[in-house]
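A.B. asks:
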Amino acid sequence: SDFVALRGVPALFNCLLVVNRKAKKSSEDWTMQAECVRCAEKLMNSSKNALLAVIEHPKSINQVCCCIENPDPAIRETVLKVMAATALCSSADGHRLTLAALDFYRIWSRRTHRFSLLVDGLQEDGDLSVKR
2 SDFVALRGVP
12 ALFNCLLVVN
22 RKAKKSSEDW
32 TMQAECVRCA
42 EKLMNSSKNA
52 LLAVIEHPKS
62 INQVCCCIEN
72 PDPAIRETVL
82 KVMAATALCS
92 SADGHRLTLA
102 ALDFYRIWSR
112 RTHRFSLLVD
122 GLQEDGDLSV
132 KR
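For the sequence shown, this note's numbering gives the first residue as 2, with consecutive numbering after it.
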């Protein structure tokens, strides 16, 4: 709650925005992105106020969704967990936010369909960690 009260959520997502905007990411950028996603997940699991603070922060879910391209399968799984938690949060119109974030990602990554990255990933290497 102190993190939320001290405006940590905007700082977290500003950091994630800076990393996500980089066309070429270094290993440090991927690590920073991973830590931001882990932090968002921990916040969302810590309390209802923190969950709502993350979900209600403008474009936070869009930024998390863009992290699905992280090379670490564990981070991609965490992104999916955050997206699922958001979709289930009816008090914050989570389903709409999740679909909007997937549409944002589709446009940002120049893909044709919302779920194409997930389907492609499952078809290419049979990554079972995404199927859980």
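Note that beta-carbon positions come from the ideal geometry of N, C-alpha and C, so glycine has one too. Predicted model, so just to flag it, every value in this text is computed and none were measured.
Applying the criterion that 16 or more other CB atoms from any shown protein chain within 10 Å of the CB defines a buried residue, is I108 buried or exposed?
C.D. replies: The residue is exposed, with fewer than 16 neighbouring Cβ atoms inside 10 Å.
A.B. asks: Sorted by chain position, which residues of the same chain lie with C-beta nearer than 6 Å to K132's C-beta, five sequence neighbours on each side aside?
C.D. replies: For K132, the predicted model reports a pLDDT of 47, less than 50, meaning its position is unreliable and no value from the coordinates is stated.
A.B. asks: Could you give the DSSP three-state label for A47: helix, strand or coil?
C.D. replies: Here residue 47 is Ser; the residue named in the question, Ala, does not match the sequence. In this structure, S47 counts as helix in the three-state DSSP scheme.
A.B. asks: Alpha carbons only, please: which of S28, G9, C37 is nearest the one belonging to C67?
C.D. replies: C67 has its Cα closest to that of C37, out of S28, G9, C37.
A.B. asks: Quick check: the Cα distance between A35 and N71, rounded to an integer number of angstroms?
C.D. replies: One C-alpha to the other measures close to 8 Å.
A.B. asks: Quick check: what's the CA-CA separation for N21 versus Q64?
C.D. replies: If you take the alpha carbons of N21 and Q64, they lie about 7 Å apart.
A.B. asks: Straight-line CA distance for R77 to V19?
C.D. replies: Each residue's alpha carbon lies about 19 Å from the other.
A.B. asks: When DSSP labels each residue in this structure, what does D94 get in the three-state scheme?
C.D. replies: If DSSP states are grouped into helix, strand and coil, D94 belongs with coil.
A.B. asks: Looking at the unbroken alpha helix (DSSP H) that takes in C16, where does it start and where does it end?
C.D. replies: It spans 9-22 - the alpha helix (DSSP H) in which C16 sits, taken as one unbroken run.
A.B. asks: Mind checking S110: buried by the 16 CB within 10 Å criterion, or exposed?
C.D. replies: Classification for S110: exposed.
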